[in-house]
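Peer 1: Got a structure here, written out as structure tokens. Questions coming.
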Amino acid sequence: MAVPASNANNPIVFFDISIGGQEVGRMKVELFADIVPKTAENFRKDGVPIGYKGSTFHRTLCEFASTLYLQKHVFQGDGTGVASIYRGPFADENFKQKHSTPGLLSMANSGPGTNGCQFFITCSKCDWLDGKHVVFGKVIDGLLVMRKIENVPTGPNNKPKLPVVIAQCGEM
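Residue 1 is where the sequence shown starts when you use UniProt numbering, and the numbers rise one by one after that.
Next up, the structure:
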């Protein structure tokens, strides 16, 4: 079920997801440019020239941490590395938006001021992440796709046993 964007002026982006080579659906995401403009723009513009197309979700921690982690394809496939439109890590913009519901996009980082291109999607309320990870968007359509990702069996380090890939992406 789709939910309305909280601000009609915020950009909307999409991910077409495949699991094990099978297309499973589209997630539409509102980016909170009105709350965290630098973080939202980094995510939106990161499509030039590298983008998220072909990137994989390298961890699913929905039973414990309730998050889906994306590994951008320019790195080693294990969640390491930092890239951004700002030519390296950038500061935490603010923590106004809380990890209060499923379907929120938040920056993955390794401490204060280490944001890059990696993000995660919350599968449930994750208030222990507040003040540590910048929330910059929300899934407004396609939560069922997120639940399909969440249900992929995992192996060591919570890595999905089937490839979970962003087959296509862009701005609406």
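Note that the Cβ used here is the ideal one computed from N, Cα and C, for glycine as well.
1. Do the CB positions of residue 200 and Thr154 come within less than 7 Å of each other?
2. In the DSSP assignment, what residue or residues form a beta bridge with Ile166?
3. Give me the residue from Cys117, Ser55 and Ala108 with the minimum Cα distance to Lys132.
4. Where does Lys38 fall in DSSP's three states?
5. Can you say whether Thr122 is buried or exposed, counting buried as having 16 or more other CB atoms within 10 angstroms of its CB?
6. Please list, in chain order, all residues of the same chain as Ser18 whose beta carbon is under 6 Å from its beta carbon, the five residues on each side excluded.
7. State the Cα-Cα distance for the pair Ala40 and Val13, rounded to the nearest angstrom.
8. Would the beta-carbon of Ile140 fall within 7 Å of that of Ala5?
9. On the premise that Val145 lies in contact with Ser106, defined as a C-beta separation below 8 Å, what is that separation, rounded to the nearest angstrom?
10. Compute the Euclidean distance between the alpha carbons of Gly113 and Phe90, then round it to the nearest angstrom.
11. Roughly how many whole angstroms lie between the Cα atoms of Val74 and Gly116?
12. Roughly how many whole angstroms lie between the Cα atoms of Val152 and Leu61?
13. Between which residues of its own chain and Asn42 is the CB-CB distance below 6 Å, once the five residues before and five after are set aside?
14. Can you grab the Cα-Cα spacing for the pair Gly79 / Pro37, in whole Å?
Peer 2: Looking at the atomic coordinates:
1. Only positions 1 to 172 of the chain appear in this structure, which leaves residue 200 out of reach.
2. The sequence position of residue 166 within the sequence shown is 166, counting from 1. Partner(s): Ile17.
3. On the sequence shown, residue 132 is found 132 positions in, with the first residue counted as 1. With distances taken between Cα atoms, Lys132 lies closest to Ala108.
4. Taking the sequence shown and counting its residues from 1, one reaches residue 38 at position 38. Lys38 falls in the helix class under three-state DSSP.
5. By 1-based counting over the sequence shown, the position of residue 122 is 122. Buried.
6. Position 18 of the sequence shown holds residue 18. Here the set comprises Val165 and Ala167.
7. Position 40 of the sequence shown, counting from 1, holds the residue named residue 40. Position 13 of the sequence shown, counting from 1, holds the residue named residue 13. The alpha-carbon atoms of Ala40 and Val13 are separated by roughly 11 Å.
8. On the sequence shown, residue 140 is found 140 positions in, with the first residue counted as 1. On the sequence shown, residue 5 is found 5 positions in, with the first residue counted as 1. Cβ distance < 7 Å, so Ile140 and Ala5 count as in contact.
9. Position 106 of the sequence shown holds residue 106. Position 145 of the sequence shown holds residue 145. The Cβ separation is near 18 Å, so there is no contact.
10. Indexing the sequence shown from 1 puts residue 113 at position 113. Indexing the sequence shown from 1 puts residue 90 at position 90. Rounded to whole angstroms, Gly113 and Phe90 show a C-alpha spacing of 5 Å.
11. Reading the sequence shown from its first residue, position 74 is the one you call residue 74. Reading the sequence shown from its first residue, position 116 is the one you call residue 116. Because Val74 carries a pLDDT of 46, less than 50, the predicted location of this residue cannot be relied on, and the following value inherits that uncertainty. Approximately 12 Å, taken between the alpha carbons.
12. By 1-based counting over the sequence shown, the position of residue 152 is 152. By 1-based counting over the sequence shown, the position of residue 61 is 61. So the two alpha carbons sit approximately 11 Å from each other.
13. Reading the sequence shown from its first residue, position 42 is the one you call residue 42. Excluding sequence neighbours, Asn42 sits near Ser84 and Ile85.
14. Position 79 of the sequence shown, counted from the first residue, corresponds to residue 79. Position 37 of the sequence shown, counted from the first residue, corresponds to residue 37. Only weak support exists for where Gly79 lies, its pLDDT of 49 falling under 50; the value from the coordinates is given anyway. Cα to Cα, Gly79 sits roughly 24 Å from Pro37.
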